[in-house]
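Oh and the sequence shown: position 197 is 197 in our numbering, straight run, nothing missing. Everything on this sheet refers to the single structure shown next.
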Amino acid sequence: MNRLWVRFALVISGILVLAMILPFITAIQFEMSPELSSELESVLRALPAEQRAELRAQVETAIRFFFSRSLILAAGAGALAGVILSWTLLAPLQELTRGAEAIAARDLAHRVRVRGSRELRAVAESFNHMAGRLEQAEGLRRQLLADVAHELRNPLHVLRGNLQAIFDGVYPLNQTEVSRLLDQTDHLTRLVNDLHELALAEARQLPLDRRPTDLGALVKESASGFAPLAAAEGISLRVELLGAPPTVDVDADRIRQTVHNLLANALRHTPRGGNVLVSVGRRDGAAEVVVRDSGEGIAPEHLPQVFDRFFRGDDARDREHGGAGLGLAIVKAIVENHGGAVSVASDGRKRGSTFTVTLPVVVSRSVGQ
Ligand code: ADP
């Protein structure tokens, strides 16, 4: 009774049987009407008794035969209609069930056929859309795992190699060697911290200690930390404030980290004699920090990828001290956690890059006023 096709068969047969019985009931009532009965009686009475009995018997047999045949036909047709109806309904549902089982068994490439009524087609389309998103997320997860493993493997290899060399007496156990090992562990620690930070930020779980902050002062302070490096590299580093410095409601440490990453990149990708200009101002009611450099620039095909985790340009890949390709992903995640946005523009290779961060201005007065 629990199977859909049995239920359909019973319901449709019942309807058909009723449809067959109703005319009979009406016919019986019609036959029972006094005028008709008396007329029939008078006709029958005109016949000889023997013929009358025979006629009655023949009529009764005909009615019984017609009635039972109609019942069998109605039940048969109902059952058939029930089976066909349930089959057209059940087949797509069964396919969806199989699809769900396949997805549960991690066959994420599985898709169902879109067919049947409009409602069933909508369910199948939603199912396929969901499966597609799951497949994409799984691909990203695998890629992330592979990238993390790759990034961790290199410093671990170096660390192990150096330790082995010291153990075998190939390298002496002196301060230079120990400091090299410390550098490697620092690199690993930075990588793990960055990944942790990024995971929190992307899940929108980064704890933010928001306070009204003078963005101009924050940027100036960050830039001053880079002044010695810029001087040593022969790069001109300037900060300009366009109008009254905007006050933003942010976690100052996180925004400092954002500016730090952008400045570190600008200096890293700008050759000696180049310049880096940071401007702080407002645009369309939002606070804006623009970091512009005259450095190596970014190829147009790489522009959409620079904020991706582990993305590194070709030059950066070859560099011994290049980052892991997490800096800009962290910038983007932090800025978005503050309700802001970050974008990049470059006229191409060797033509400099411009990174723009916008943050909502929550407090319009300056800090301390
Ligand atoms: P990394 O920490 O390896 O520098 P990022 O996420 O900060 O990683 O940057 C990703 C890539 O974007 C870099 O490898 C580089 O190719 C490119 N990039 C970032 N900033 C600049 C810049 N100012 N000029 C040119 N290329 C840049």
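Quick reminder that beta carbons are idealized off the backbone N, C-alpha and C, glycines included.
| query | result |
| --- | --- |
| Hey, is residue 312 close to ligand 1, as in C-beta under 7 angstroms from one of its heavy atoms? | yes |
| In angstroms with no decimal places, state the Cα-to-Cα distance between residue 102 and residue 137. | 17 angstroms |
| Count Cβ pairs between the stretch 122-136 and the stretch 297-317 that sit closer than 8 angstroms; are there 3 or more? | no |
| Taking DSSP as the reference, what is the three-state secondary structure of residue 216? | helix |
| What whole-angstrom Cβ distance do residue 96 and residue 134 have, given they're in contact under 8 angstroms? | In fact, because the Cβ distance is near 15 angstroms, the residues do not count as touching under 8 angstroms. |
| Starting from residue 345, trace the beta strand (DSSP E) both ways and give me its first and last residue. | 341-346 |
| Comparing alpha-carbon positions, which option in 348, 272 and 242 lies nearest residue 281? | 242 |
| For residue 426, I'd like the list of residues in its chain whose CB is within less than 6 angstroms of its CB, leaving aside the five on either flank, ordered along the chain. | Shown here, the chain extends from 1 to 369; a query on residue 426 therefore has no answer. |
| Judging by CA-CA distance, which residue of 41, 191 and 16 is the nearest neighbour of residue 149? | 191 |
| Thinking just about the alpha-carbon of each residue, which of 9, 360 and 245 is nearest to the one in residue 215? | 245 |
| Does the distance between the C-beta of residue 298 and the nearest non-hydrogen atom of ligand 3 fall short of 7 angstroms? | Looking for ligand 3 in the displayed structure turns up nothing; the ligands present are ligand 1. |
| Could you pull the start and end residues of the beta strand (DSSP E) that residue 359 belongs to? | 353-360 |
| Taking DSSP as the reference, what is the three-state secondary structure of residue 82? | helix |
| Under 8 angstroms by Cβ, that's how I've got residue 256 and residue 218 pegged, so tell me the actual separation to the nearest angstrom. | 6 angstroms |
| Can the beta-carbon of residue 225 be found closer than 8 angstroms to that of residue 292? | no |
| Using only the alpha-carbon positions, how far apart do residue 163 and residue 152 sit? | 17 angstroms |
| Taking residue 296 and residue 349 to be in contact with their CB atoms under 8 angstroms, please state how far apart those CB atoms are, rounded to whole angstroms. | 7 angstroms |
| What is the DSSP secondary structure of residue 146, reduced to helix, strand or coil? | helix |
| What beta strand (DSSP E) runs, 3 residues minimum, are completely inside the stretch 283-327? | 286-293 |
| Would residue 78 and residue 12 be called neighbours here (beta carbons separated by less than 8 angstroms)? | yes |
| For residue 86 versus residue 5, is the C-beta spacing smaller than 8 angstroms? | yes |
| Taking 8 angstroms as the cut-off, does the stretch 335-349 touch the stretch 265-272 (at least 3 CB pairs, one atom from each stretch)? | no |
| Can we count residue 216 as close to ligand 1, meaning its CB is less than 7 angstroms from some heavy atom? | no |
| Once you ignore the five residues that flank residue 332 on each side, which residues in its own chain have a CB closer than 6 angstroms to its CB? | 307 and 342 |
| Going by DSSP in three states, residue 275 sits in which element: helix, strand or coil? | strand |
| Give the single residue among 44, 329 and 83 whose Cα lies nearest to the Cα of residue 8. | 83 |
| Indicate, with yes or no, if ligand 1 has a heavy atom lying under 7 angstroms from the CB of residue 353. | yes |
| Going by DSSP, what residue range makes up the alpha helix (DSSP H) through residue 183? | 175-202 |
| I'd like to confirm something about residue 326: is its beta-carbon nearer than 7 angstroms to some heavy atom of ligand 1, or not? | yes |
| At a threshold of 7 angstroms, does residue 102 count as lining ligand 1 (C-beta to nearest heavy atom)? | no |
| Using a threshold of 7 angstroms, is the CB atom of residue 293 nearer than that to any non-hydrogen atom of ligand 1? | yes |
| Return the bridge partner residues of residue 249 from the DSSP annotation. | 212 |
| Throw me the rounded Cβ distance for the residue 258 and residue 334 pair, which I believe falls under 8 angstroms. | 5 angstroms |
| Across which residues does DSSP place residue 263 in a beta bridge pair? | Partner(s): none; residue 263 has no beta bridge. |
| Using only the alpha-carbon positions, how far apart do residue 155 and residue 188 sit? | 7 angstroms |
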